[in-house]
Amino acid sequence: MIPLTFWDISLWLAVTAIILLITAELISPYYGHTNLLIDKKKLKNAALTLSVLFLITVAVRIYEILTAP
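Here numbering that gives the first Met the number 0 is used: the first residue of the sequence shown is 0, the next is one more, and so on.
Set out below in structure tokens:
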């Protein structure tokens with residue numbers, strides 16, 4: 000079993016958020032017609048939530064660096 004570190008979780012959040020944001024833009028009605036049955040609003044909300052969580056992990060890392068002796 001591979002233990003997940005804080006860095007691993009932060010990286011996973013960043014990659015997942017980027018993939019979801021790109022997907023949300025590619026299924027945009029202005030980009031072209033697709034036959035995907037995905038609710039764009041929920042997909043974009045999920046991507047933005049993961050982005051905010053990633054930014055929180057970045058803030059925690061910066062705080063750790065600044066307060067380290």
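Where a beta carbon is used, it is the ideal one built from N, C-alpha and C, also for glycine.
Endpoints, the alpha helix (DSSP H) within which Leu47 is located:
39-66
C-beta neighbour in chain C for Thr22, strict 9 Å
Note that chain C does not occur in the displayed structure, where there is just one protein chain.
Using the Cα positions of Thr4 and Leu12, report the straight-line distance between them to the nearest angstrom.
13 Å
Heavy atom of the ligand GDP within 8 Å of Asn44 beta-carbon
Within the structure as shown, the ligand GDP is missing, as the structure has no ligands at all.
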